[in-house]
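Worksheet: one structure, shown below.
In the working numbering, the protein residues as written are 551 to 868.
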């Protein structure tokens, strides 16, 4: 397939952000991150931007006539409607941009210091804020809210807005649209059960940390060499050798660190977090549906706070 538009002003739409670019603009943006052939291949995947249709010149007489009719319609009986509120300008109707995510380095530092990441499923958005506050009180100031329910994005927005000092991540992210929605709501990092190139590009464009799920050496090699990702989710950990597999990866992938998730419990979390190539571990035993439901119905979140404190203690081996 010929690479059209490389020497011309043709524009194509980058699916990462939906914006049209020339090949030169796209190449300049991804320079240093991907090889030339990879950028050329990506250009081929981008859809051509729709060309604006040239507008026919308006007849001055017809234009004046239409204007007169519109005025008569807007002001019946000669009454002026100028006292009605005018529509806001386009720029005024724009939603305020979401907060910028913390830098990947800062997020990694926060997650590594916390050691345990609660993997949360929110079914009732009203529980998100009190849950995050209870976790923070128990010493866990990182939370991963998963896109397993329809209210996940709103839960992320509310926690980011209402709970100070909590590093918020979005989990179970499959698409760039979900990633953008989470980041617009204030999320600091994105987690996926597997790897998706489009999500990786979306996170890179937004300057957000992306933690894709990997298992095999081939997957680790691909995402670390081709996409330069050094922090990865190891999922589902217990089904694929657990701490033993990660221990064997230490010598092979010396610059890669993992966040094991899946089958991690209070009893075995220290087996993971004691490894040099594990920067944190994720789990849901201390944010179970039952505990959340109990806190929601009673208004007493102390059990979650106690469970978070115990999880933190176990993760840190103290």
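Glycine is no exception: its CB is placed at the ideal position from the N, C-alpha and C atoms.
For residue i, I'd like the list of residues in its chain whose CB is within less than 7 Å of its CB, leaving aside the five on either flank, ordered along the chain.
i, result
"residue 824", "867"
"residue 687", "855"
"residue 708", "675, 678, 679"
"residue 842", "677, 681"
"residue 701", "672, 675"
"residue 844", "853"
My understanding is that residue i touches residue j, with C-beta atoms under 8 Å, so please give their C-beta distance in whole angstroms.
i, j, result
"residue 661", "residue 667", "6 Å"
"residue 747", "residue 719", "Actually they do not touch by this definition, with Cβ atoms about 20 Å apart."
"residue 827", "residue 799", "6 Å"
"residue 767", "residue 782", "At roughly 12 Å, the Cβ-Cβ gap does not stay under 8 Å, so residue 767 and residue 782 are not in contact."
"residue 858", "residue 689", "6 Å"
Determine the direct distance from the alpha carbon of residue j to that of residue i, and round the result to whole angstroms.
i, j, result
"residue 787", "residue 590", "36 Å"
"residue 560", "residue 595", "14 Å"
"residue 838", "residue 863", "18 Å"
"residue 805", "residue 751", "21 Å"
"residue 695", "residue 745", "18 Å"
"residue 756", "residue 651", "8 Å"
"residue 588", "residue 797", "33 Å"
"residue 634", "residue 703", "Any reading at residue 634 must be qualified, since the residue scores a pLDDT of 37, below 50, and its modelled position is unreliable; the value itself is stated next. Their Cα atoms are separated by approximately 36 Å."
"residue 743", "residue 770", "14 Å"
"residue 564", "residue 779", "21 Å"
"residue 739", "residue 724", "14 Å"
"residue 849", "residue 794", "41 Å"
"residue 522", "residue 585", "Only positions 551 to 868 of the chain appear in this structure, which leaves residue 522 out of reach."
"residue 656", "residue 721", "18 Å"
"residue 760", "residue 792", "22 Å"
"residue 576", "residue 772", "22 Å"
"residue 670", "residue 753", "21 Å"
"residue 642", "residue 711", "Any reading at residue 642 must be qualified, since the residue scores a pLDDT of 35, below 50, and its modelled position is unreliable; the value itself is stated next. About 22 Å."
"residue 765", "residue 732", "25 Å"
"residue 593", "residue 698", "32 Å"
"residue 851", "residue 840", "12 Å"
"residue 579", "residue 654", "19 Å"
"residue 705", "residue 807", "28 Å"
"residue 571", "residue 600", "12 Å"
"residue 741", "residue 774", "16 Å"
"residue 820", "residue 758", "28 Å"
Mind checking which residues open and close the beta strand (DSSP E) that includes residue i?
i, result
"residue 810", "807-810"
"residue 828", "From DSSP, residue 828 is part of no beta strand (DSSP E); its letter is neither H nor E."
"residue 742", "739-742"
"residue 765", "No beta strand (DSSP E) holds residue 765; DSSP gives it neither H nor E."
"residue 821", "Not the beta strand (DSSP E): residue 821 falls in the alpha helix (DSSP H), residues 819-823."
"residue 721", "717-721"
"residue 561", "561-564"
"residue 589", "Counting along the chain, residue 589 falls outside any beta strand (DSSP E), though it belongs to the alpha helix (DSSP H) covering 586-595."
"residue 696", "692-696"
"residue 668", "666-670"
"residue 781", "781-784"
Return the chain-ordered list of same chain residues with a C-beta closer than 6 Å to the C-beta of residue i, the five sequence neighbours on each side being excluded.
i, result
"residue 665", "823, 830, 865, 866"
"residue 810", "784, 787, 822, 831"
"residue 815", "835"
"residue 803", "770"
"residue 875", "For the chain, the structure presents residues 551 to 868; residue 875 sits outside this window and is missing."
"residue 846", "677"
"residue 777", "750"
"residue 833", "814"
In the DSSP assignment, find the alpha helix (DSSP H) that holds residue i and state where it starts and stops.
i, result
"residue 853", "852-865"
"residue 578", "573-580"
"residue 549", "Because the chain is modelled from 551 through 868, residue 549 falls outside the range shown and cannot be assessed."
"residue 712", "702-712"
"residue 842", "839-848"
"residue 686", "678-687"
"residue 752", "747-756"
"residue 795", "792-802"
"residue 726", "726-734"
Just to confirm my understanding: we take residue i, look at its own chain, exclude 5 residues before and 5 after, and list those with CB closer than 8 Å. What are they?
i, result
"residue 789", "812, 813"
"residue 691", "660, 664, 685, 715, 716, 717"
"residue 713", "679, 682, 683, 686"
Q. Pairing CB atoms from the stretch 674-684 with CB atoms from the stretch 721-735, are three or more of them under 8 Å?
A. For the pair of segments examined, the stretch 674-684 was found not to touch the stretch 721-735: the number of CB pairs separated by less than 8 Å stays below three.
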